[in-house]
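Peer 1:
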Amino acid sequence: MSQATKRKHVVKEVLGDFIVPSGNQQIVRVLGSPGNNLHEAVTAEGDRFLVSMPTKFRKNIWIKRGDFVIVDPIEEGEKVKGEIIVILYKDHIRHLQKLGVWPKGFCENSALEVSKEEQPDGENSNKEEAEENGDTSESEDDSDLFVNTNRVRYQYSESEDEEEETDEEQGE
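Note that the sequence shown ends on residue 172 in full-length UniProt numbering; no numbers are left out.
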């Protein structure tokens, strides 16, 4: 089977099937990838461990930080305690929530993600209001910038030195 045909079948399998975890399988959230087709995952209870990606998904399906997957536990592993069975996308998550199978620990997180997705509409309405009031500035509008979802977001705050400088400039 050619690489393109294999990729087509793997993608069709991942996107098409709505699988419910059974037996020992559990839903986990991916925290990152240390390498070698291993991914650090956390359960709804907060247990952290490594999971491996099977060879059929390698170089065909990509997993980002924050994605949800269904894993099957591996008995003999010390560090690697599971293998990825299914990668869950938005449609899969909605299906599992309707069935009531979705872990309660992830309900809050997925609700926050949905609100973040709806946020740009709210930013646009604030932008329109600011334009009407004449309060716009090119440096403040970062909504059109590319956001890399594979990097940890850091909260930046202005230092006291910068605040003092702006106070001095206004006083002059």
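The beta carbon of each residue, even a glycine, is placed where N, CA and C say it ideally should be.
Quantities reported herein were computed from a predicted structural model and do not represent experimental measurements.
Considering only residues of the region 39 to 115, which uninterrupted alpha helix (DSSP H) runs meet the minimum length of 4 residues and lie entirely inside it, listed in chain order?
Peer 2: 90 to 99
Peer 1: Could you tell me which residues DSSP pairs with residue 14 in its beta bridges?
Peer 2: In the sequence shown, residue 14 corresponds to position 14, counting from 1. Looking at the DSSP assignment, residue 14 forms no beta bridge with any residue, so it has no partner.
Peer 1: Hey, is the region 37 to 49 in contact with the region 72 to 91, meaning 3+ C-beta pairs nearer than 8 Å?
Peer 2: yes
Peer 1: Just to check my reading of the structure: residue 70 and residue 3 have Cβ atoms closer than 8 Å, yes? What is that Cβ distance to the nearest angstrom?
Peer 2: Numbered from 1 along the sequence shown, position 70 holds the residue referred to as residue 70. Numbered from 1 along the sequence shown, position 3 holds the residue referred to as residue 3. That belief does not hold up - the Cβ atoms of residue 70 and residue 3 are roughly 26 Å apart, past 8 Å.
Peer 1: Under 8 Å: do the region 18 to 32 and the region 86 to 97 share three or more Cβ pairs, one atom per stretch?
Peer 2: yes
Peer 1: Pull the bridge partners of residue 28 from the DSSP assignment, please.
Peer 2: Counting from one through the sequence shown, the residue named residue 28 turns up at place 28. Here residue 28 is bridged, per DSSP, to 69.
Peer 1: Measure the Cβ-Cβ separation of residue 30 and residue 61 and say whether it is below 8 Å.
Peer 2: In the sequence shown, the residue the question calls residue 30 occupies position 30. In the sequence shown, the residue the question calls residue 61 occupies position 61. No, these two residues do not count as a Cβ contact at 8 Å.
Peer 1: In whole angstroms, what separates the C-alpha of residue 39 from that of residue 157?
Peer 2: Taking the sequence shown and counting its residues from 1, one reaches residue 39 at position 39. Taking the sequence shown and counting its residues from 1, one reaches residue 157 at position 157. Distance between the alpha carbons of residue 39 and residue 157 is about 31 Å.
Peer 1: If the criterion is Cβ atoms closer than 8 Å, does the pair residue 44 and residue 105 meet it?
Peer 2: Taking the sequence shown and counting its residues from 1, one reaches residue 44 at position 44. Taking the sequence shown and counting its residues from 1, one reaches residue 105 at position 105. Against a cut-off of 8 Å, the Cβ pair of residue 105 and residue 44 comes out as a contact.
Peer 1: Less than 8 Å between the beta carbons of residue 93 and residue 57, yes or no?
Peer 2: Counting from one through the sequence shown, the residue named residue 93 turns up at place 93. Counting from one through the sequence shown, the residue named residue 57 turns up at place 57. Taking the C-beta atoms as reference points, residue 57 is found no nearer than 8 Å to residue 93.
Peer 1: Per DSSP, which residues does residue 35 bridge with? Please list them.
Peer 2: Working through the sequence shown from its first residue, we reach residue 35 at position 35. Answer is 38.
Peer 1: Do residue 150 and residue 64 count as a contact pair if the criterion is CB distance below 8 Å?
Peer 2: Sequence index remark: in the sequence shown, residue 64 carries index 64 (1-based). Sequence index remark: in the sequence shown, residue 150 carries index 150 (1-based). Yes, the pair counts as a contact, with Cβ atoms nearer than the cut-off.
Peer 1: Considering only the alpha carbon of each residue, which of 27, 53, 153 and 98 lies closest to residue 34?
Peer 2: By 1-based counting over the sequence shown, the position of residue 34 is 34. Of the candidates 27, 53, 153 and 98, the one whose C-alpha sits nearest the C-alpha of residue 34 is 53.
Peer 1: Report the rounded CA-to-CA distance for residue 11 versus residue 5, giving the unit in angstroms.
Peer 2: For the purposes of this step, residue 11 is identified with residue 11 of the sequence shown, where counting begins at 1. For the purposes of this step, residue 5 is identified with residue 5 of the sequence shown, where counting begins at 1. If you take the alpha carbons of residue 11 and residue 5, they lie about 10 Å apart.
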